[in-house]
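See structure below.
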Amino acid sequence: MPTPAPTTSSTPRRAAVLGGNRIPFARQFGPYAEASNQDMLTAAIDGLVARYGLAGERLGEVVAGAVIKHSRDFNLARESVLGSALAPTTPAYDVQQACGTGLQAAILLANKIALGQVDSGLAGGVDTSSDAPITVSEKLRIKLLKVNRAKGAKNQLLALTGIRPTDFGIETPSNGEPRTGLSMGEHMAQTAKRWGITREAQDELAMTSHHNLAAAYDRGFQDDLVTSFRGLSRDQNLRPDSSMEKLATLKPAFGKGENATMTAGNSTPLTDGASVVLMGSEEWAAEHGLTVQAWFVDAETAAVDYVHGAEGLLMAPTYAVPRLLARQGLTLQDFDYYEIHEAFAATVLSTLKAWEDEDFCRDRLGLEAPLGSIDRSKLNVNGSSLAAGHPFAATGGRIVAALAKMLHEKGPGSRGLISICAAGGQGVVAILEGA
Amino acid sequence: MAFSYSSFVSGGLGKQLASSLGLPQPSRLRRHDPKKSLIPGAVLVAGHDEAPLVPQVRTWLEAARVAVATVPSTSVAGVVVDLTGIESPEDLETLRATVAPALKTLQGSGRIIVLGRPPESATSVEQAAARRAVEGIVRSIGKEMRAGGTANTVLVEEGADTGLEATLRFLLSGRSAYVDAQVIRVAAPVADPVVPADWATPLADKVAVVTGAARGIGAAIAEVLARDGATVVCVDIPAAGGPLADVANRLGGSALQLDVTAEDAGERIVEHAVSRHGGIDIVVHNAGITRDKLLANMDAERWHSVVDVNLLSILRMNTALVPALNQGGHIVNVASIAGIAGNRGQTNYAASKAGVIGMTTALAQDAEVLAKGITVNAVAPGFIVTEMTAKVPFATREVGALMNSLSQGGLPIDVAETIGWFCWDANRAVTGNTVRVCGQMLLGA
Ligand SMILES: NC(=O)c1ccc[n+]([C@@H]2O[C@H](COP(=O)([O-])OP(=O)(O)OC[C@H]3O[C@@H](n4cnc5c(N)ncnc54)[C@H](O)[C@@H]3O)[C@@H](O)[C@H]2O)c1
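Those sequence lines, one after another, are chains B and D. Using this note's numbering, you'd call the opening residue of the first sequence number 1 and step up by one each time. Using this note's numbering, you'd call the opening residue of the second sequence number 1 and step up by one each time.
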């Protein structure tokens, strides 16, 4: 008897990256000081809808998230869809994996497309460091909830009297790690020291990032990746004239003594922004006259035990990449472009050094030989977070859309590797292939 | 809000004051409303001698459900006079005898349309004189019209009579609200005219590209083309991306962020329109800038940027656009009254806009363009109320808005409607024309 043909939904198909859009990233308390996450995500969606002529269209889904979020934004992605030019019948849901949010959203969408569960969708993220939620001190919060629970005016008044002046205090979100109390920068400084990353190497990476991004804008590369918002049409943090001399004048911001190599110039600033990526099946793209830019090949997420000191907070991608390479039968050198998110210049440099290190690769990654070095001229060629800024959840979408475009320009079969570190000792990495 | 003469004199006290001082009083112009009939009244149709166009005009009007009148009356909203048969200036009496009584009773936003033949093709000196005289009369009628009425001349080439329908519809309708005292030339069509299945959507299934579409006149053009059935690719610079996206999404079109001066701008437009929408039928070159300075103080940068955006970019883009345009397509360029009359402080701008007019005439006769049945026309807006004119100092702006027979500035939609009409496939007999949308501005004759 002939075996029944598999149903389409159980046969994986290729998920295509069709394009993307983001708003320019603004510095904290800059032009987007009064824009909410929803405003920014809606603007990013609307820019994309206009670019690809999708007004009134029902997409399979929109998946997006924000790292810093008001409690009222529980349905941030869906509310943004409702405020956008997409059909209101487009479902949406929120995800969050710290700075890995945007890329993780793309992975989820790619998987659903591959499985035939949806034909099209948007993956993205947004973050504001300006319009941040404020919470009251934990003591005050508990007492206020008690007031709320109390029945009758008299009991409520009674409960209110329990509040002491010392209970008052407001807290804004910080990027400190809850389990270590250290800021991300302090964590990174430890790793930078461990890998002997010099100030000069960090400044050079930062300068290159600014020069590369400025050149990308100048030659029109960003024309179909960015849509202006609130008077900003380029990333506010971008300094086209960045130089080693200027960077050298900055005082260290993290670390101590001679190991204090990290400055505001070679660390990403707090920024506001949003990005989205359009993905779909090959058929859906053809039906909509859209060109496949790249295929979303595979992805891997890793986490490290940074709490007990076994590994640096932002080193998880060094673990995720070899697992992904092994699964795909590729070497670290098999790529035309590397997009390694510049949380700090030292993050990128520590990652690259670790992959070159025989002991690390053997002892930590369990590899027979080191992954080796990469051709640095293929790294972050159109700039990365040091220049553009890093609104946490928006970085993944920025990278996926730009890399897909680069790979499409490079031609079919070209390959790109994305590596993004995230709070909580996590790392999300992915491979795209040019179409 | 800034003080505006027009709104002042149309209100109570202002109105009294204006009329006792004999100041101009602008009327509310009749503009196109898809739900209403072409013209809100009957049209008086008359002609000299055999008047060869009259039977056809009647048939078209009847098809458009417009009543045809033979004597002037208060229900007449328009007059069409066929003077194609005139032989000598004496024959112009027909025009006087028809229009003079009609003017007394004509409805508001009335229309006088005089049909003639081009003076250049006259067979005698006498006939040429008579034909040329028509223009003079009509321009004068324009200045005598009241209550938002307009007067225009259509010169129909011998043998091109059937091509008149689209122009007649346009001129009678509210679409031509701010088109006054123009001479429109109707010639043998460059391709077979196609009467639309529904005159409410004469651009159904067309793909149009509009540059400078993020705001002002460009946004209005995109809106009118979309309203009339086209899918619109809205082009503007990346810095205008936010508003551009809003326009594109509102119209269900697509946005293309692009500086028209980019070397590969034409190719990028073609790539976008062909891959997303399957081709291009209509291109409207609207993007434009001003960088005013008296010539004595004009630096090379100001000079070059204006000429580059307003003229050179169009020439460059057309080398990619013309070959990519669908058979029977349409190109419309946005010129300016400044390119006709000149303007103090605008040598660079006037150079670019006069150049646009020259380019329009020449491109319309280009062999490739003709072979593809493409029409090429230009609009020359007069004073149109937009952000570009908001930069003009208040007094100059208010005076500028009044210096025309309709005593008011035009609206972006007026320019857009004229462009829309150039783009109808029913209108393939009008090419190489530059039509001013200026309410018969006093400048530039
Ligand atoms: N407003 C008037 O009274 C008037 C009169 C005569 C002619 N015009 C012409 O009409 C056209 C539109 O004028 P408007 O009043 O709407 O002006 P506007 O300034 O409001 O709009 C012009 C649009 O063109 C865009 N643009 C400018 N340079 C561009 C470039 N290099 N690439 C792409 N887009 C570019 C702008 O971003 C803007 O959105 C212009 O060509 C102008 O010269 C206007």
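Using N, Cα and C, we set each Cβ at its ideal position, and we do this for glycine too.
When C-alpha distances from Gly-212/D are compared across Gly-108/D, Thr-162/D and Ala-248/D, the shortest belongs to Ala-248/D.
Annotation: the continuous beta strand (DSSP E) that includes Gln-257/D extends over 254 to 257.
The nearest non-hydrogen atom of ligand 1 is 7 Å or more from the C-beta of Gly-397/B. For the stretch 104 to 154 of chain D, the continuous alpha helix (DSSP H) assignments of 4+ residues that do not extend past its boundaries occur at 125 to 144, in sequence order. In this structure, Arg-215/D has its beta carbon less than 7 Å from a heavy atom of ligand 1. For Ala-287/D, the shortest C-beta to heavy atom distance toward ligand 1 is below 7 Å. With its beta carbon less than 8 Å from one in chain B, Ser-254/D belongs to the interface. Chain D has a Cβ within less than 8 Å of the Cβ of Ala-43/B. Using a Cβ-Cβ cut-off of 8 Å, Arg-51/B counts as an interface residue toward chain D, since at least one Cβ of chain D sits closer than that to its own. For chain B, the residues of the stretch 216 to 241 of chain D that bring a beta carbon within less than 9 Å of one of its beta carbons are Thr-231, Val-233, Cys-234, Ile-237, Pro-238, Ala-239, Ala-240 and Gly-241, in chain order. Runs of beta strand (DSSP E) with 3 or more residues, each lying fully within the stretch 295 to 321 of chain B, are absent. Contact residues of the stretch 225 to 247 of chain B toward chain D are Val-226, Thr-227, Ser-228, Phe-229, Arg-230 and Ser-233 (C-beta to C-beta distance below 8 Å).
Closest by C-alpha distance to Thr-167/D, out of Gly-382/D, Gly-149/D, Ala-187/D and Ile-340/D, is Ala-187/D. Counting along the chain, the unbroken alpha helix (DSSP H) around Pro-55/D starts and ends at 54 to 63. Between Pro-381/D and Ile-340/D, the C-beta gap is not smaller than 8 Å, which leaves the two residues out of contact. Around the C-beta of Asp-359/B, fewer than 16 other C-beta atoms lie within 10 Å, and the residue is accordingly described as exposed. The Cβ neighbour count for Gly-372/B, taken over all protein chains shown within 10 Å, is under 16; the residue is labelled exposed. When beta bridges are read from the DSSP output, His-330/D appears opposite Ile-282/D and Thr-375/D. The Cβ-Cβ distance between Val-284/D and Val-209/D falls below 8 Å. Arg-291/D carries a coil assignment under DSSP once its states are collapsed to helix, strand and coil. If the five residues before and after Glu-165/D are omitted, its C-beta is found closer than 6 Å to the C-beta atoms of Trp-60, all from its own chain and listed in chain order.
When 8 Å is used as the limit between beta carbons, Arg-316/D is near no residue of chain B, the shortest such separation being about 15 Å. For Ser-80/B, the enclosing alpha helix (DSSP H) covers residues 76 to 82. Counting the other Cβ atoms within 10 Å of the Cβ of Thr-249/B gives fewer than 16, which makes it exposed. The count of Cβ pairs closer than 8 Å, one atom from the stretch 260 to 274 of chain B and one from the stretch 188 to 203 of chain B, reaches three, so the stretches are in contact. Straight-line spacing of the CA atoms in Arg-344/D and Val-399/D works out to 15 Å.
Residues are counted here when their Cβ sits less than 7 Å from a Cβ of chain B; for the stretch 262 to 276 of chain D these are Ala-262, Ser-275 and Arg-276, given in chain order. Residues of chain D whose Cβ lies closer than 7 Å to the Cβ of Ala-85/B are, in chain order, Asn-249. Burial of Ile-141/D is indicated by the presence of at least 16 other C-beta atoms within 10 angstroms of its C-beta. Not a single heavy atom of ligand 1 lies less than 7 Å from the C-beta of Phe-394/D. With respect to the C-alpha of Ser-183/B, the residue from Thr-301/B, Asp-119/B and Tyr-306/B having the closest C-alpha is Tyr-306/B.
Using a Cβ-Cβ cut-off of 7 Å, Ala-245/D is close to Asp-46, Gly-47, Ala-50 and Thr-227 of chain B, given in chain order. Going by beta carbons, Pro-391/B and Ala-274/B fall inside the 8 Å limit. Taking each of Gln-182/D, Asn-318/D and Gly-218/D in turn and checking the Cα distance to Met-441/D, the smallest one comes out for Gln-182/D. Phe-344/B and Thr-268/B have their C-alpha atoms spaced approximately 6 Å apart. For Phe-229/B, DSSP records a beta bridge to Leu-232/B.
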